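Protein chains in written order, with the numbering used here: chain G, 1 to 151; chain W, 1001 to 1151.
Protein chains: 2
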Amino acid sequence: MPYETLPDFDFNGYLPYRLTVLAAKLSDQLAKQYKSEYGISMPEWRVLLNVGYGEHPSVRDIERHVSLEKSKVSRAAARLEAKGLISKCIDPKDRRLVILELTETGAELLGKLIPLAQTLQADLEKALGDHEGALRVAIDLLSTKVESGNA
Amino acid sequence: MPYETLPDFDFNGYLPYRLTVLAAKLSDQLAKQYKSEYGISMPEWRVLLNVGYGEHPSVRDIERHVSLEKSKVSRAAARLEAKGLISKCIDPKDRRLVILELTETGAELLGKLIPLAQTLQADLEKALGDHEGALRVAIDLLSTKVESGNA
DNA sequence: ATAAACTCATTGCAAATGCAATGATTTTCT
DNA sequence: AGAAAATCATTGCATTTGCAATGAGTTTAT
């Protein structure tokens, strides 16, 4: 009944596929909550995180760091600015760069968002038990592999 | 300089974030190639995979299995049908269901796509070395954790 | 010093997406 | 049996996205 001409392929073991599905489920977990309770979308959350815990990142820094489309970052930042959660200023060292900073209300909001993420993180670590370290090693291996971009 | 009011949070170690970034990079690797060389988008590729290696899946089966939005599956299937790569038929057992099947050209095309995925998979496994097993265990743990949906 | 090449952020526009609503079928309950 | 609730696929519509183009600023090379 399977198609005779297809190569053998364990499609349930295909790693990019497994990781994509898993990551989507994990993210959606918080995404719904963030959006319904705080009106924050996923890209906005990621930008907030970078601004709050990065070192005065520019749009470009965020794009690189989290591999989020340049325009996605730009638009998320615009929305966050419109909501009064971040402010933009031009880097005096290089006037092409737009540096992002949390406003007080932005820091306040992020302060409420973080604990939810920490709870999820704790749940995941508990589920992983002593496999957590191995997972982190594997993630690092794959990340550096894919960044060396030799596909 | 960090914002005093923010809780401590290792945002580079945050697992949903790491996995999302990694998965996106891994998928984009092939996505570009599939789109530029074969005109196949990511959702279309995922549907093709399910149709080719699943057991006569319906739209709903695919939605469940790969957690791909119902409408996304439906539209991807419509596009694939328009390209002559799959065919739809109504399940006689339950006439609400639309069962998808590869056409001959669809099977041919998928037969060309698979080897590229296999190459990537092999690269990843090589990069992982003997950490591969641990990664798979971790993925399974997290997947069942998140499917039990007790967040 | 000036022009060409490069980098950065934003924006326009077509395509893709998410979500609620629809229509068709099946299951459940009385 | 018959009505109500549930399940499935599709579609309409507003929003989001991706990608190329633009404009501003900087670096490199002549």
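Cβ atoms here follow ideal geometry from the backbone N, Cα and C, with glycine treated the same way.
Quick caveat: nothing in here was measured; it's all calculated off a predicted structure.
{"Check": "Touch test, the stretch 1022–1032 of chain W against the stretch 1108–1127 of chain W, Cβ-Cβ under 8 Å, three pairs minimum", "Outcome": "yes"}
{"Check": "Test: Ser27 of chain G CB closer than 7 Å to a CB of chain W", "Outcome": "yes"}
{"Check": "Interface flag, Ala151 of chain G vs chain W, CB-CB below 7 Å", "Outcome": "Residue confidence for Ala151 of chain G is low, a pLDDT of 42 falling below 50, so the modelled location carries little weight; the figure read from the coordinates is stated next. Interface residue, yes."}
{"Check": "Three CB pairs or more closer than 8 Å across the stretch 1100–1120 of chain W and the stretch 1049–1062 of chain W", "Outcome": "yes"}
{"Check": "Exposure label - Tyr1131 of chain W; buried when at least 16 CB within 10 Å", "Outcome": "Looking at the sequence itself, residue 1131 of chain W is His, so the reference to Tyr does not match. Classification for His1131 of chain W: buried."}
{"Check": "Range of the contiguous alpha helix (DSSP H) that encloses Lys1112 of chain W", "Outcome": "Glu1104 to Leu1128"}
{"Check": "Contact check, Ile1099 of chain W vs His1056 of chain W, beta carbons under 7 Å", "Outcome": "yes"}
{"Check": "8 Å contact criterion, which Ala1077 of chain W and Lys1093 of chain W should meet: CB distance rounded", "Outcome": "With a Cβ gap of about 19 Å, Ala1077 of chain W and Lys1093 of chain W do not count as contacting."}
{"Check": "Buried/exposed call for Ala107 of chain G, threshold 16 Cβ in 10 Å", "Outcome": "buried"}
{"Check": "Opposing strand residues paired with Val1098 of chain W [DSSP bridges]", "Outcome": "W:Ile1090"}
{"Check": "Under 7 Å from the C-beta of Val21 of chain G: neighbouring residues of chain W", "Outcome": "Val1066 and Ser1067"}
{"Check": "Of the listed residues G:Leu85, G:Asp61 and G:Leu135, nearest to Gly1014 of chain W (C-alpha basis)", "Outcome": "The amino acid occupying residue 1014 of chain W in the given sequence is Tyr; Gly does not appear at that position. Out of G:Leu85, G:Asp61 and G:Leu135, G:Leu135 has the C-alpha closest to the C-alpha of Tyr1014 of chain W."}
{"Check": "Closest residue to Ser1067 of chain W among G:Lys126, G:Lys25, G:Ile90 and G:Ser71 (Cα-Cα distance)", "Outcome": "G:Lys25"}
{"Check": "Ser1058 of chain W burial status per 10 Å Cβ neighbour count (16 or more: buried)", "Outcome": "buried"}
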